[in-house]
Amino acid sequence: MSLVPRGATYTTAVTWRQYLVWRKLLWSSLATNIANPILFLFAFGFGLGRFIDSIDGMTYLAFVVPGMIAYSAMFSASFETTIGSFSRYYMHRTWDATLATPVTLVELLLGEVVWAAVKSLLSALSVLAIGWVWGGIPSVSGALLALPVVFVASIGFACYGLVATSLARGYEFFSYFFTFWVTPMFVFSGVFFSIERFPPGVQVISWLLPMTHLIAVIRPLSAGLPLDPGWTLLHLGYLVALTVVAFLFAYAKIRRRIFD
Amino acid sequence: MADSPIIAARALIKRYGKLEAVKGIDFAVERARCIGLLGPNGAGKTTTMRMVMGLATVSAGELTVFGVPVQKMDRQTKAKIGLVPQENSLDPDITVSENLAVYGRYYGLSAAVIAEQVPRLLAFMQLQGRASARVIQLSGGMKRRLVIARALIGDPELLILDEPTTGLDPQARVMIWKQLMELKKQGKTLLLTTHYMDEAQRLCDRIIVIDHGEILDEGTPGQLIARHVKGHVFEVQKPLPNGMADGSWDQEDIGDAILYYVQSPPDILNELPDDAVYLHRPANLEDVFLRLTGRKLRET
Ligand SMILES: Nc1ncnc2c1ncn2[C@@H]1O[C@H](COP(=O)(O)OP(=O)(O)OP(=O)(O)O)[C@@H](O)[C@H]1O
Ligand SMILES: [Mg+2]
Numbered sequence: 001m002s003l004v005p006r007g008a009t010y011t012t013a014v015t016w017r018q019y020l021v022w023r024k025l026l027w028s029s030l031a032t033n034i035a036n037p038i039l040f041l042f043a044f045g046f047g048l049g050r051f052i053d054s055i056d057g058m059t060y061l062a063f064v065v066p067g068m069i070a071y072s073a074m075f076s077a078s079f080e081t082t083i084g085s086f087s088r089y090y091m092h093r094t095w096d097a098t099l100a101t102p103v104t105l106v107e108l109l110l111g112e113v114v115w116a117a118v119k120s121l122l123s124a125l126s127v128l129a130i131g132w133v134w135g136g137i138p139s140v141s142g143a144l145l146a147l148p149v150v151f152v153a154s155i156g157f158a159c160y161g162l163v164a165t166s167l168a169r170g171y172e173f174f175s176y177f178f179t180f181w182v183t184p185m186f187v188f189s190g191v192f193f194s195i196e197r198f199p200p201g202v203q204v205i206s207w208l209l210p211m212t213h214l215i216a217v218i219r220p221l222s223a224g225l226p227l228d229p230g231w232t233l234l235h236l237g238y239l240v241a242l243t244v245v246a247f248l249f250a251y252a253k254i255r256r257r258i259f260d
Numbered sequence: 001m002a003d004s005p006i007i008a009a010r011a012l013i014k015r016y017g018k019l020e021a022v023k024g025i026d027f028a029v030e031r032a033r034c035i036g037l038l039g040p041n042g043a044g045k046t047t048t049m050r051m052v053m054g055l056a057t058v059s060a061g062e063l064t065v066f067g068v069p070v071q072k073m074d075r076q077t078k079a080k081i082g083l084v085p086q087e088n089s090l091d092p093d094i095t096v097s098e099n100l101a102v103y104g105r106y107y108g109l110s111a112a113v114i115a116e117q118v119p120r121l122l123a124f125m126q127l128q129g130r131a132s133a134r135v136i137q138l139s140g141g142m143k144r145r146l147v148i149a150r151a152l153i154g155d156p157e158l159l160i161l162d163e164p165t166t167g168l169d170p171q172a173r174v175m176i177w178k179q180l181m182e183l184k185k186q187g188k189t190l191l192l193t194t195h196y197m198d199e200a201q202r203l204c205d206r207i208i209v210i211d212h213g214e215i216l217d218e219g220t221p222g223q224l225i226a227r228h229v230k231g232h233v234f235e236v237q238k239p240l241p242n243g244m245a246d247g248s249w250d251q252e253d254i255g256d257a258i259l260y261y262v263q264s265p266p267d268i269l270n271e272l273p274d275d276a277v278y279l280h281r282p283a284n285l286e287d288v289f290l291r292l293t294g295r296k297l298r299e300t
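What follows is the structure in structure tokens.
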């Protein structure tokens, strides 16, 4: 037998299916991946950046690019496991069809989550490339080191989306998810200004949101600044713990919805 | 194990909240047979099939598939079953052959086996010209054939077919019947639901009639006909001729006519007056079905 556990081949089978679909939409996905960061960097770099010389010991561009990397990864995974997964589960009933095969529910959900994280990684990579061309990545090696962290965090973002899918009865439900989860992370996680500007009470909210922890790790990396090992472990630990809780919750909920 | 049934249900119950969709049924499906599950809308057919597939949990009772309780169904057992669900559930984002290939991966097949199986199955369901079409470009009948092809990708020993020919034209139905008979000849076991009685009569070795989650009767099509509607039906228009209204006949009032079930035509022809308006035909499964499950519509 191979070293890869048997279950992994079934999980990658699910991921492979997503890849087949993505391949067909390659150009449109590439176009959005490139156009989005350019538009954002244009707004922040030219607009806000003009008024800010340096922030937290780096140029404003170096500050905002890792924020954008995190946000685009978060948005991409969130979209994939909400609107995307819900369509497959509820509208097209392909989850039902999948579960009629030897694929188990855990493998199906993992396949969805892994693919969402791969897509996140691709958007992160394109923001990174454009940010670098724009001059917003002081440490390329640091930024590349940040990518695995983005991937791990994106597994989490995918799981939070799955939680929303496990509760959704229709597409309208996801407007709550985007309004009360995705947008707050854009606002409170320090994408385009330091969360230290917030009053302490609001900062508590910031630190509850997983994206804040992701940015706290990848911003010093891409800026070429030192990382505090203790805090870094804490950030990563929080991301992983929240991911596990979200996955287990989504799994239990979806299991009940499909099989009972 | 050779003679033990492929599917065995004992006192099988399924509850959705307060609703008891399946109320303690017992049945068995033997190897290399085609067993038909017939019943009106909402009878519990799909629910029963979903329990067999492990897609719905069993509320109470026992259900084994290939001798394994469904709660403990492992991958090897699952790989021996193919499902044609009532609703198509095809993947609209990928092509016809990709639908089959993806499903092949779900069954853990190697790329080589998939490459060999896909064209074979497309040909088997006469879809070879559509391999690279998108699912949305297929007609309803083609989609149905693709769902059947998909169920066969893992070369299953047991095929579960939930209304496989609903919505198909007569040509497609005949073609699918032929292919299903072929599968049975190959030794595959079939569990089938249908609302077409001619289909059940043609394909099924044994029929289980189910309604409101309970089994009403089961047997071969011939046994069921003999048991419930004898061999011939005389539909006699009202008002009834003298002498026909007494209770000595096996009869059923259907409103503006009475149905008389008789073993052989002379039994009743000798009694019918010359002026009686009637229709005579051999009894069929449809008569059995309506007699057992009633004639009222099931839209509740
Ligand atoms: N997921 C579910 N949740 C709640 N009730 C359900 C669910 N699925 C089926 N039912 C109910 O269970 C009963 C049996 O439904 P089932 O789908 O098994 O019928 P069926 O015999 O397949 O009917 P049809 O011929 O219309 O397909 C119905 O009363 C139906 O409303
Ligand atoms: Mg049904």
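Residue numbers (the working numbering), protein chains in the order written: chain S, 1 to 260; chain U, 1 to 300. The C-beta atom is built at its ideal place from N, Cα and C for all residues, glycine as well.
Anything in chain U within Cβ reach of residue i, meaning under 7 Å, just list it in chain order.
| i | result |
| --- | --- |
| S:Val21 | Asp93, Ile94 |
| S:Tyr89 | Those do not exist, as S:Tyr89 stays about 11 Å from chain U at its closest Cβ, beyond 7 Å. |
Let me know the secondary structure DSSP gives residue i once reduced to three states.
| i | result |
| --- | --- |
| U:Ala21 | strand |
| U:Met244 | coil |
| U:Glu252 | strand |
| U:Lys184 | helix |
| U:Thr57 | coil |
| U:Ile160 | strand |
| U:Tyr260 | strand |
| U:His307 | With chain U running from 1 to 300 in the structure shown, residue 307 of chain U is simply not present. |
| S:Val103 | coil |
| U:Ile207 | strand |
| S:Asp50 | The sequence given here has Arg at residue 50 of chain S, not Asp. In this structure, S:Arg50 counts as helix in the three-state DSSP scheme. |
| U:Gly36 | strand |
| S:Pro220 | helix |
| U:Asp3 | coil |
| U:Ala9 | strand |
| S:Leu3 | Unreliable positioning characterises S:Leu3 in this predicted model, as indicated by a pLDDT of 47, which lies under 50. A coordinate reading is not provided. |
| U:Ile94 | coil |
| U:Lys238 | coil |
| U:Gly141 | helix |
| S:Glu80 | helix |
| S:Phe249 | helix |
| U:Phe27 | strand |
| U:Tyr107 | coil |
| S:Met185 | helix |
| U:His277 | Note on residue identity: the sequence assigns Val, not His, to residue 277 of chain U. Correct three-state label for U:Val277: coil. |
| U:His212 | coil |
Any heavy atom of ligand 1 within a distance shorter than 8 Å of the CB on residue i?
| i | result |
| --- | --- |
| U:Thr193 | yes |
| S:Asp96 | no |
| U:Thr48 | yes |
| U:Ala28 | no |
| U:Ala21 | yes |
| U:Ala9 | no |
| S:Leu190 | Per the sequence shown, residue 190 of chain S should be read as Gly rather than Leu. Flag unset: Cβ of S:Gly190 not near ligand 1. |
| U:Ala43 | yes |
| U:Ile210 | yes |
| S:Pro37 | no |
| U:Pro40 | yes |
Quick one: which chain S residues come within Cβ less than 7 Å of residue i?
| i | result |
| --- | --- |
| U:Ser89 | His92, Arg93, Thr94, Asp96, Ala97 |
By the 10 Å Cβ neighbour count, where 16 or more other Cβ atoms means buried, how is residue i classified, buried or exposed?
| i | result |
| --- | --- |
| U:Gln201 | buried |
| S:Leu3 | Any answer about S:Leu3 is weak, because its pLDDT of 47 lies below 50 and its placement is not dependable; what the coordinates show is given next. S:Leu3 should be labelled exposed. |
| U:Asn41 | exposed |
| U:Asp253 | exposed |
| S:Ile39 | First, the amino acid is wrong: residue 39 of chain S is Leu here, not Ile. The residue is exposed, with fewer than 16 neighbouring Cβ atoms inside 10 Å. |
| U:Tyr261 | buried |
| S:Asp260 | exposed |
If the cut is a Cβ gap below 8 Å, which residues of chain S does residue i touch?
| i | result |
| --- | --- |
| U:Pro85 | Arg93, Asp96, Ala97, Ala100 |
| U:Thr48 | Correct list: empty, because the minimum Cβ distance to chain S is about 15 Å. |
| U:Thr57 | Phe259, Asp260 |
Tell me whether residue i counts as near ligand 4, meaning its Cβ is closer than 8 Å to at least one heavy atom of that ligand.
| i | result |
| --- | --- |
| U:Glu163 | Ligand 4 is not among the ligands present in this structure, which contains only ligand 1 and ligand 2. |
Which residues in chain S have a C-beta closer than 9 Å to the C-beta of residue i? List them in chain order.
| i | result |
| --- | --- |
| U:Lys23 | Per Cβ cutoff of 9 Å: no residues; U:Lys23 is ~17 Å from chain S at best. |
Using only the heavy atoms of ligand 2, determine whether one of them is closer than 8 Å to the beta carbon of residue i.
| i | result |
| --- | --- |
| U:Lys14 | no |
| U:Gln86 | yes |
Along chain U, which residues have their Cβ under 8 Å away from the Cβ of residue i?
| i | result |
| --- | --- |
| S:Asp53 | Ordered by position in chain U, no residue passes the 8 Å Cβ test against S:Asp53, which lies about 48 Å from the chain. |
| S:Val103 | Tyr106 |
| S:Trp16 | Val102, Arg105 |
Rounded C-beta distance between residue i and residue j? I'm assuming under 8 Å.
| i | j | result |
| --- | --- | --- |
| S:Phe157 | S:Ala241 | At roughly 15 Å, the Cβ-Cβ gap does not stay under 8 Å, so S:Phe157 and S:Ala241 are not in contact. |
| U:Ile210 | U:Ala43 | 5 Å |
| U:Lys238 | U:Asp256 | 6 Å |
| U:Pro5 | U:Val29 | 6 Å |
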